[in-house]
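Peer 1:
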Amino acid sequence: MLIDRRLKIFHTAAVIGNFTRAAAILGMTQPNVTGQIRSLEKDLGTELFIRDGRQLRLTPAGRLLRREAEELLAFDENIVREVRDSARSVRALRLGATMTCGGYVLPGLMGEYLSHTGNRVRFSLHIANTEEIEDSLKHHAYDLALVEGPFDGEFFFSRELLRDELVIAGHPSLPFWGEAGILPLSELLGSGVRFLLREPGSGTRFYFDRFCTEHRIFPDPEKTDIQEIGGFDAIKNMLEKGYGVSVISRLAIGRELAEGRLRCAVPSEGRMERPLNFIYPESDSRLFAEKFIEFCVSRVRRGGKDSPVS
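Take the sequence shown: its position 247, counting from 1, is numbered 257 in our numbering, and each next residue is one higher.
(1) May I ask whether a heavy atom of the ligand GDP can be found less than 6 Å away from the beta carbon of Asp14?
(2) Contact between the segment 243-253 and the segment 171-181 is defined here as three or more beta-carbon pairs at a separation below 8 Å; is this criterion met?
(3) So, are the CB atoms of Gly159 and Thr140 less than 7 Å apart?
(4) Could you give the uninterrupted runs of the alpha helix (DSSP H) lying entirely in the segment 256-294, keeping only those of 4 residues or more?
(5) What does His136 pair with, by DSSP beta-bridge criteria?
(6) Grab me the residues of Ser168's own chain with a C-beta within less than 6 Å of its C-beta, minus the 5 sequence neighbours each way, in chain order.
(7) Can you find at least 3 beta carbon pairs, one from the segment 142-151 and one from the segment 232-244, that sit closer than 8 Å?
(8) Considering only their Cβ atoms, is the gap separating Pro291 from Glu170 smaller than 7 Å?
(9) Do Leu199 and Pro229 come within 7 Å of each other at the CB atom, strictly closer than that value?
(10) Between Arg296 and Leu176, what straight-line distance do the alpha-carbon atoms span, to the nearest angstrom?
(11) Taking only runs that begin and end inside the segment 131-216, name each unbroken beta strand (DSSP E) of 3 or more residues, in chain order.
(12) Using the Cα positions of Leu261 and Arg77, report the straight-line distance between them to the nearest angstrom.
(13) Is the distance from the Cβ of Glu57 to the Cβ of Thr69 below 7 Å?
(14) DSSP state of Ile227, grouped into three classes?
(15) Where does Glu232 sit, in a helix, a strand or coil, going by DSSP?
(16) According to DSSP, is Leu83 part of a helix, a strand, or is it coil?
(17) What residue from Arg311, Cys306, Arg312, Gly313 has the CA that sits closest to Glu122's CA?
(18) Rounded to the nearest angstrom, what separates Glu279 and Asp219 at their Cα positions?
(19) Can you tell me which of the three DSSP states Gly314 falls into?
(20) Could you please give the first and the last residue of the uninterrupted beta strand (DSSP E) stretch that includes Leu66?
(21) Going by other Cβ atoms of all chains shown within 10 Å of its Cβ, with 16 needed for buried, is Gly313 buried or exposed?
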């Protein structure tokens with residue numbers, strides 16, 4: 011760590027909300043932690059915490075410092091990482107991704123890029139929903155992210171990687187599939203069938219909700235059983251057991267469809283498509299991020315059976 015260690019101690023205590031637990035995480039004694047915090051408060055000329063028994067609450071100055079500390083610590087970590095990697099002739103790229111992108115698109119592309127560069131790149135990949143990824147990217151916790159939901163176009167550079175389609179999916183034995191591969195979503199939502207959907211804040215849920223609004227589909231709460239599930243693996247597991255249907259990325263269920271474990275249909279109201287976008291801020295890693303993006307776009311455009319996302 012290059013910056014004042016007291017900032018790391020403060021940030022840990024601010025996140026945890028307890029000096030004793032923060033000390034355990036940092037490998038310090040509780041009196042040492044409180045002493046470092048008092049020293050920081052003295053230098054800043056203001057209190058950072060309101061001490062209410064065992065609970066800690068941040069003062070307005072403490073809340074401001076926590077926001078700034080997150081960005082400073084991320085920059086600090088990035089500098090140390092780049093210097094160390096430079097000594098080993100290795101470049102590092104911190105990636106964030108939403109669940110569809112991180113689970114079914116990026117892994118193959120990362121593997122191809124490692125082979126292409128002779129393993130002279132070190133990747134880290136964190137997966138969360140779109141809102142969490144965008145917030146972390148704004149604080150420079152990542153160099154680059156691949157998302158399926160809306161994003162702040164004024165804050166980030168962006169480039170579309172590919173188009174993804176959301177489909178209605180469920181067990182092949184369900185009685186309503188028909189032969190055409192088309193289902194009326196509005197009727198299905200009102201039929202009493204259980205819908206397993208991602209949580210609000212995810213890209214998949216955003217596009218599902220927007221599709222319903224655009225096509226004036228307003229599910230009746232008394233006739234629609236919607237269960238919110240925070241992950242594709244859980245949703246697919248439930249679908250394979252016949253516990254309902256879902257609106258889900260075709261990319262996420264490609265293997266299950268090929269093996270006949272799931273079946274899908276498109277809504278009769280229209281196709282439910284969305285872009286998968288790389289987004290990234292202005293940073294020292296921008297040119298390297300754009301080099302990786304260009305590689306990924308070229309691989310996807312080539313397509314075919316050897317494509318990492320085919």
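Every residue, glycine too, gets a C-beta built ideally from N, C-alpha and C.
Peer 2: Here's the rundown:
(1) You won't find the ligand GDP in this model; it holds no ligand whatsoever.
(2) Here the segment 243-253 makes contact with the segment 171-181; the two share three or more CB pairs at distances below 8 Å.
(3) Indexing the sequence shown from 1 puts residue 159 at position 149. Indexing the sequence shown from 1 puts residue 140 at position 130. The answer is yes: Cβ separation under 7 Å.
(4) 264-268
(5) Within the sequence shown, numbered from 1, the residue matching residue 136 stands at position 126. BP columns for His136 point to Gly106.
(6) Here the question's residue 168 lines up with position 158 in the sequence shown. Taken in chain order, the residues that qualify are Asn287, Ile289.
(7) no
(8) The count along the sequence shown starts at 1 and reaches residue 170 at position 160. The count along the sequence shown starts at 1 and reaches residue 291 at position 281. Contact flag unset, no.
(9) The count along the sequence shown starts at 1 and reaches residue 229 at position 219. The count along the sequence shown starts at 1 and reaches residue 199 at position 189. Cβ distance < 7 Å, so Pro229 and Leu199 count as in contact.
(10) Counted from its first residue, the sequence shown places residue 296 at position 286. Counted from its first residue, the sequence shown places residue 176 at position 166. Straight-line spacing of the CA atoms in Arg296 and Leu176 works out to 31 Å.
(11) Fully enclosed beta strand (DSSP E) runs of 3 or longer: 131-137, 154-157, 167-180, 204-207.
(12) Residue numbering aside, residue 261 sits at position 251 when the sequence shown is read from its first letter. Residue numbering aside, residue 77 sits at position 67 when the sequence shown is read from its first letter. Taking the straight line joining both Cα atoms gives about 36 Å.
(13) By 1-based counting over the sequence shown, the position of residue 57 is 47. By 1-based counting over the sequence shown, the position of residue 69 is 59. Yes. Within cutoff.
(14) The residue given as residue 227 occupies position 217 in the sequence shown. Coil at Ile227, not helix or strand.
(15) Start at 1 with the first residue of the sequence shown, and residue 232 comes out as number 222. It is coil, neither helix nor strand.
(16) Residue numbering aside, residue 83 sits at position 73 when the sequence shown is read from its first letter. Three-state result, Leu83: helix.
(17) Residue 122 sits at position 112 when you count from the first residue of the sequence shown. Closest option to Glu122, Cα to Cα, is Cys306.
(18) Here residue 279 corresponds to residue number 269 of the sequence shown, with the count starting at 1. Here residue 219 corresponds to residue number 209 of the sequence shown, with the count starting at 1. Answer to the nearest angstrom: the Cα atoms are 14 Å apart.
(19) For the purposes of this step, residue 314 is taken as residue 304 along the sequence shown, with counting starting at 1. The predicted model places Gly314 with a pLDDT of 48, which falls under 50 and marks its position as unreliable; any figure quoted below should be read in that light. In the structure shown, Gly314 sits in coil (DSSP, three-state: anything other than H, G, I, E or B).
(20) Residue mapping note: residue 66 aligns to position 56 of the sequence shown, counting from 1. From DSSP, the beta strand (DSSP E) with Leu66 extends over 65-68.
(21) Numbered from its first residue, the sequence shown carries residue 313 at position 303. Exposed.
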